[in-house]
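Peer 1:
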Amino acid sequence: MTASSRSRSFIFINYLLLFGAGFIWGSQYILTKFALVSFSTTTIAGGRIGIGALLLTFLLKTGIEPLEQSKTFFWKSLPDFLLIGLLEATLPCVLIAWAQLRLASSVTAVLIGTVPLFATILEALFVPGSTISLKKGSGIFLGFVGVTVLIAPNFHEASLSPTHGSSVVLPVLAGLISALCFALAMLLIKIRLDTRFGPIRSAQGILTGAAITILPWACWISKPWKITAFHPTCSAVIALIALGIFCGGLVYTLFIVLINRAGPSFASTCNYLVPPTGAFLGIAFCGEKLTSPLLYSLVLILFSLWLFSGTKKSAH
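So the sequence shown is numbered by our numbering: it starts at 1 and just counts up by one.
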């Protein structure tokens, strides 16, 4: 195999991982819709992370990934796992929930769309050999425009909720800090974990760290000790388990492989794929309508990802 064909194969696999992660994360909207019938948002967040961590722990016990060298390193890296879990799950979950009390969902979605911008800047600053080329910068900008085009029709909603008349500055800042947290988590996965562990072990450590940091908050919010009767529907339970398996354990494993192969900047563009994927799945399974903004958004996002095709790392 020539160097050129190896490079094309390397890039192709990167895109498969990217679209796979985007599709799985895009499916969370439908699954969450079913789970919300019986569970609160905090219960879903905690359950999803906990189920994902348990699944990966079980897989590791089966010997699917060698653990001989990683056992010692795992405990030494526990502070990293806790920090990444805090940045990836707990802080954004709290900040976004608070911001959405005061901002329209469309505004919040655009703020989270800045994750690739933060990730690109952080990668250029802290990952050796990374730069921000004109092509990469154009791809980031077009992807952000694509997300904005998709959500723009909803901007007729008031940016403030009816019950909160305060300034939007702090909620907007909370949304941007959440985006920065996501970008920092990806950077830490690259520079602190990288290939020290297999992808399943890394994903398990991150989800365990996330569970340790988010479950106390989830229990404080939902107060399960006060529940006297609970009869969840079968579809809600299945949806919650599916969220843990696919949108927890599986997708984090794929995402870590992608970050290690292509870097945080490219991996972060998965955020551009999630909204249109969720919209198309809503059309396919929930009877939602296909709109022209969705098609325009998809074209812009796909073109932005094509621009990234010339910025990938080559296979070794």
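Virtual Cβ for every residue (Gly too), placed ideally from N, Cα, C.
Answer yes or no: do residue 181 and residue 25 have a C-beta to C-beta separation smaller than 9 Å?
Peer 2: Here residue 181 refers to the residue found at position 181 of the sequence shown. Here residue 25 refers to the residue found at position 25 of the sequence shown. No, Cβ-Cβ distance for residue 181 and residue 25 is not below 9 Å.
Peer 1: Does the segment 274-283 come close enough to the segment 17-34 that 3 or more CB-CB pairs lie under 8 Å?
Peer 2: yes
Peer 1: If residue 200 sits next to residue 65, beta carbons under 8 Å apart, how far is it from one beta carbon to the other, in whole angstroms?
Peer 2: Within the sequence shown, the letter at position 200 stands for residue 200. Within the sequence shown, the letter at position 65 stands for residue 65. At roughly 5 Å, the Cβ-Cβ gap stays under 8 Å, so residue 200 and residue 65 are in contact.
Peer 1: Could you check the C-alpha separation between residue 41 and residue 34 for me, to the nearest Å?
Peer 2: As a first step, residue 41 must be located in the sequence shown, where it is residue number 41. As a first step, residue 34 must be located in the sequence shown, where it is residue number 34. Near 12 Å, if we compare the C-alpha coordinates of residue 34 and residue 41.
Peer 1: Quick one, which of 44, 208 and 141 has its alpha-carbon nearest residue 121's?
Peer 2: Taking the sequence shown and counting its residues from 1, one reaches residue 121 at position 121. Among 44, 208 and 141, the Cα nearest to that of residue 121 is on 141.
Peer 1: Enumerate in chain order the residues of its own chain whose CB-to-CB distance from residue 254 is below 7 Å, with the five nearest sequence positions on each side excluded.
Peer 2: Here residue 254 refers to the residue found at position 254 when the sequence shown is read from its first residue. Excluding residues within five positions, the ones whose Cβ falls inside 7 Å are 17, 20 and 21.
Peer 1: How about residue 348 and residue 116: are their beta carbons less than 9 Å apart?
Peer 2: As shown, the chain starts at 1 and ends at 316. That puts residue 348 outside it, with no answer to give.
Peer 1: Under a Cβ-count criterion, where at least 16 other Cβ atoms within 10 Å of its own Cβ denotes burial, should residue 88 be classed as buried or exposed?
Peer 2: On the sequence shown, position 88 is the one that residue 88 refers to. Counting Cβ neighbours within 10 Å, residue 88 comes out buried, since at least 16 surround it.
Peer 1: Roughly how many whole angstroms lie between the Cα atoms of residue 47 and residue 139?
Peer 2: Position 47 of the sequence shown, counted from the first residue, corresponds to residue 47. Position 139 of the sequence shown, counted from the first residue, corresponds to residue 139. If you take the alpha carbons of residue 47 and residue 139, they lie about 35 Å apart.
Peer 1: In this structure, how does DSSP classify residue 39 when only helix, strand and coil are distinguished?
Peer 2: Locating residue 39 in the sequence shown gives position 39, counting from the first residue. Looking at residue 39 - three-state DSSP - the assignment turns out to be coil, as it is neither helix nor strand.
Peer 1: Measure the beta-carbon distance from residue 171 to residue 102 and round it to whole angstroms, keeping in mind my assumption that it falls under 8 Å.
Peer 2: Walking along the sequence shown from the start, residue 171 turns up at place 171. Walking along the sequence shown from the start, residue 102 turns up at place 102. Confirmed, Cβ separation roughly 4 Å.
Peer 1: Measuring only the C-alpha atoms, how far is residue 257 from residue 297?
Peer 2: Position 257 of the sequence shown, counted from the first residue, corresponds to residue 257. Position 297 of the sequence shown, counted from the first residue, corresponds to residue 297. When rounded, the distance between both Cα atoms is 27 Å.
Peer 1: Excluding the five sequence neighbours on either side, which residues of its own chain have a C-beta within less than 7 Å of the C-beta of residue 242, listed in chain order?
Peer 2: Counting from 1 along the sequence shown, the entry for residue 242 is found at position 242. Answer for residue 242: 31, listed in chain order.
Peer 1: Check the C-beta distance from residue 119 over to residue 268 and give it rounded, since I have them as a contact under 8 Å.
Peer 2: Translated into positions along the sequence shown, residue 119 becomes position 119. Translated into positions along the sequence shown, residue 268 becomes position 268. About 4 Å; that satisfies the 8 Å criterion.
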